[in-house]
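**Q**
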Amino acid sequence: MTEQKHAIPEAVAVAMGKDFGVPITAFLFAAVDSPPILVGTVYGDSTGRFREGASIRTSRITNVSFIDGYSLFQTVGGSLYVVVSWAIGGGNIYMNRIYH
21 MTEQKHAIPE AVAVAMGKDF GVPITAFLFA AVDSPPILVG TVYGDSTGRF REGASIRTSR
81 ITNVSFIDGY SLFQTVGGSL YVVVSWAIGG GNIYMNRIYH
């Protein structure tokens with residue numbers, strides 16, 4: 021069986037070319053905010069856990085920051101995801117999150 025290749029969306033490629041000043045774990049495309057986690061299509065996973073274009077569910081989100089128009093979400097495990105785009109109708113309600 022051959023592995024299916026997933027083309028990286030242009031918006032993801034642009035985000036991957038940015039210097040966020042911190043190590044990025046991966047980039048999420050068509051993300052859905054589903055507190056306390058995010059779901060989305062992953063690209064550029066620096067840990068090697070996920071294949072390009074896979075749908076993933078993050079661990080619990082503990083913090084969010086904003087850099088250059090992008091939302092960066094940190095997880096309880098220390099991963100840092102850049103949300104490149106939100107799913108249509110995904111209800112990106114991250115502004116309502118409360119972090120302790």
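Residue numbers (our numbering): 21 to 120. Glycine residues also receive a C-beta, built at the ideal position from the N, C-alpha and C atoms. Small disclaimer: the values here were computed from a predicted structure and weren't measured.
What are the boundary residues of the beta strand (DSSP E) that A51 is part of?
**A** Start and end: A46 to S54.
**Q** Considering only the beta carbon of each residue, do I44 and I81 sit closer than 8 Å?
**A** Going by C-beta atoms, I44 is not nearer than 8 Å to I81.
**Q** Kindly confirm or deny that the segment 45-55 and the segment 101-111 touch, where touching means at least three C-beta pairs closer than 8 Å.
**A** Because the criterion of three Cβ pairs below 8 Å is met, the segment 45-55 and the segment 101-111 touch.
**Q** Start and end of the alpha helix (DSSP H) containing G104?
**A** Residue 104 is actually Val in this sequence, not Gly. Where V104 is concerned, there is no enclosing alpha helix (DSSP H), given that its DSSP letter is neither H nor E.
**Q** Between I87 and the rest of its own chain, which residues show a CB-CB distance below 7 Å, the 5 nearest in sequence each way excluded?
**A** The answer, listed in chain order, is F40.
**Q** If distances are taken between C-alpha atoms only, which option among T61, G98, T67 and K38 comes closest to I28?
**A** Looking at the Cα atoms, T61 is the closest of the given residues.
**Q** Given this structure, state the Cα-to-Cα distance separating V84 from V42, to the nearest angstrom.
**A** Approximately 13 Å between the Cα atoms of the pair.
**Q** Do V34 and Y63 count as a contact pair if the criterion is CB distance below 8 Å?
**A** Result no, Cβ atoms of Y63 and V34 do not sit closer than 8 Å.
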